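Visitor: Residue numbers (mature numbering (1 follows the signal peptide of the UniProt record, and there is no 0)): -16 to -1, 1 to 161. Pasting in a structure now, in structure tokens, and then I'll have a few things to ask.
Dropping the structure here:
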């Protein structure tokens, strides 16, 4: 297992990185399962780059958005976008998650708070299915112009993954038709 977020958490006396520097302390069960798995990278943080959006009103509700997600620990960089044709990967009744071009990365946008949640699936099992999902969120300070374009006050923002849980949402398989 490669530790980015969780360096040597199983042995507190031998920590390579102090707990105060970690974004999340995984359970001993997670550490035990991931230990010895060279394909298991537990990420610490991620970047959102070039966030841009459109609004049909005063900026309180976004009608479309796009950004680039980047995680250097897992070497994942992918485009993420939402528009009127986007469909949630979660079943009805659950908070809608939208898939990025790399389907191991999903996001949730909350208009009320201008909050962007990112979920990255990590640690594939032998059949290639990710075992865990790391998640975290950031609040974006958006400025919207009179013509409906919105952007954040920074071209690149970094946030921590603050949770690591077993994969829970059953992703719908996209039709290739």
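C-beta atoms are modelled at their ideal positions from N, C-alpha and C, and glycine is treated no differently. Every value quoted in this text rests on a predicted model; they were computed, and no experiment measured them.
So, helix, strand or coil for residue 119, using DSSP?
Guide: For the purposes of this step, residue 119 is taken as residue 135 along the chain shown, with counting starting at 1. Here residue 119 sits in strand by DSSP.
Visitor: How far does the beta strand (DSSP E) with residue 95 in it reach, from first residue to last?
Guide: As a first step, residue 95 must be located in the chain shown, where it is residue number 111. Looking at the DSSP string, residue 95 is not in any beta strand (DSSP E), and its letter there is neither H nor E.
Visitor: In whole angstroms, what is the alpha-carbon distance linking residue 102 and residue 74?
Guide: Position 118 of the chain shown holds residue 102. Position 90 of the chain shown holds residue 74. Approximately 15 Å, taken between the alpha carbons.
Visitor: Comparing alpha-carbon positions, which option in 85, 57, 35 and 116 lies nearest residue 11?
Guide: Taking the chain shown and counting its residues from 1, one reaches residue 11 at position 27. Comparing alpha-carbon positions, the option among 85, 57, 35 and 116 lying closest to residue 11 turns out to be 116.
Visitor: Do you know offhand how far residue 54's Cα is from residue 94's?
Guide: Here residue 54 corresponds to residue number 70 of the chain shown, with the count starting at 1. Here residue 94 corresponds to residue number 110 of the chain shown, with the count starting at 1. Those two C-alpha atoms are separated by around 20 Å.
Visitor: For residue 76, which beta-bridge partners are listed by DSSP?
Guide: If you number the chain shown from 1, residue 76 lands on position 92. BP columns for residue 76 are empty, so no partner.
Visitor: Mind checking who residue 134 pairs with in its DSSP beta bridge?
Guide: Position 150 of the chain shown, counting from 1, holds the residue named residue 134. BP columns for residue 134 point to 37 and 128.
Visitor: How about residue 68 and residue 83: are their beta carbons less than 8 Å apart?
Guide: For the purposes of this step, residue 68 is identified with residue 84 of the chain shown, where counting begins at 1. For the purposes of this step, residue 83 is identified with residue 99 of the chain shown, where counting begins at 1. No. Outside cutoff.
Visitor: On the three-state DSSP scale, how would you describe residue 170?
Guide: Given a span of -16 to 161 for the chain in the structure shown, any question on residue 170 remains unanswerable.
Visitor: Ignore the nearest five residues each way along the sequence and tell me which others in residue 137's own chain have a CB closer than 6 Å to its CB.
Guide: Start at 1 with the first residue of the chain shown, and residue 137 comes out as number 153. Closer than 6 Å at Cβ, skipping near neighbours: 125.
Visitor: So residue 49 packs on residue 65, CB below 8 Å; how close in whole Å?
Guide: One-based indexing of the chain shown puts residue 49 at position 65. One-based indexing of the chain shown puts residue 65 at position 81. Confirmed, Cβ separation roughly 7 Å.
Visitor: What are the partner residues of residue 64, as DSSP defines its beta bridges?
Guide: Taking the first residue of the chain shown as 1, we reach residue 64 at position 80. According to DSSP, residue 64 bridges with 51.
Visitor: Which of helix, strand or coil does DSSP assign to residue 140?
Guide: Sequence index remark: in the chain shown, residue 140 carries index 156 (1-based). It is a strand residue.
Visitor: Just mark residue 130 as buried or exposed, buried being the case when its beta carbon has 16 or more other beta carbons within 10 Å.
Guide: For the purposes of this step, residue 130 is identified with residue 146 of the chain shown, where counting begins at 1. Per the 10 Å Cβ criterion, exposed.
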